[in-house]
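A quick write-up on the structure given underneath.
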Amino acid sequence: MPDAERRQYPRLPLNLPFTLVLADGSEPLRGELRDISQGGCFFKARFGAKQEGRVTMDFVVLPRSICNATGRVVRGEGGDGFGVEFGAINPELQKFVDELESASPDDRARVLSRVLDPEIHIA
Numbered sequence: 357m358p359d360a361e362r363r364q365y366p367r368l369p370l371n372l373p374f375t376l377v378l379a380d381g382s383e384p385l386r387g388e389l390r391d392i393s394q395g396g397c398f399f400k401a402r403f404g405a406k407q408e409g410r411v412t413m414d415f416v417v418l419p420r421s422i423c424n425a426t427g428r429v430v431r432g433e434g435g436d437g438f439g440v441e442f443g444a445i446n447p448e449l450q451k452f453v454d455e456l457e458s459a460s461p462d463d464r465a466r467v468l469s470r471v472l473d474p475e476i477h478i479a
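Going by our numbering, the first residue of the sequence shown is number 357, and it counts up by one from there.
Below, the structure is given as structure tokens:
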């Protein structure tokens, strides 16, 4: 069954730059948060994330919402990116995803322009 048919929530395209911080203390990497839903997301990055690796995602949405999610890596695409299934998301992230879902394409760009400093931590 294709991934889209197994998903509980629709994925919303973002293409949002982010910083990937690794638990081993190595130099942070740059990547792109390609899409997001209430249940997970996909990161495009030149990094081979380990299956079941723990992930924490944090970012600020202006004026002062702090969005946070924790989850695990559920699939990798070689060194091109990895999918994350959320185990928990905070109410601010739920509202952010809801706002993206209901936004027109023009409004979606406005919503994304309010996002600051997205960081992904992998253990």
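We put the beta carbon where it would ideally sit given N, CA and C, even for glycine. Bear in mind that the values here come from a model prediction, so they are computed numbers and not experimental data.
- Under the criterion of beta carbons closer than 8 Å, residue 455 and residue 467 qualify as touching, at roughly 6 Å.
- Counting only residues of its own chain and dropping the five nearest sequence neighbours on each side, residue 446 has a CB closer than 8 Å to the CB of 422, 423, 424 and 425.
- Counting of Cβ neighbours within 10 angstroms places residue 389 among the buried residues, the total reaching 16 or more.
- Taken in chain order, the whole beta strand (DSSP E) runs of length 3 or more contained in the stretch 377-441 are 385-392, 396-400, 410-417 and 421-432.
- An exposed status is given to residue 419, since fewer than 16 other beta-carbon atoms sit within 10 Å of its beta-carbon.
- In the structure shown, residue 373 adopts extended strand secondary structure according to DSSP, grouped into three states.
- With respect to the 7 Å criterion, residue 441 and residue 427 are classified as neighbours on the basis of their beta carbons.
- Judged by DSSP in its simplified three-state form, residue 465 adopts helix.
- Residue 436 and residue 398 have their C-alpha atoms roughly 11 Å apart.
- In the DSSP assignment, residue 474 falls within the beta strand (DSSP E) that extends over 471-478.
- The beta-carbon separation of residue 394 and residue 453, rounded to 5 Å, stays under the 8 Å limit for a contact.
- With 16 or more other CB atoms across the displayed protein chains lying within 10 angstroms of its CB, residue 474 is buried.
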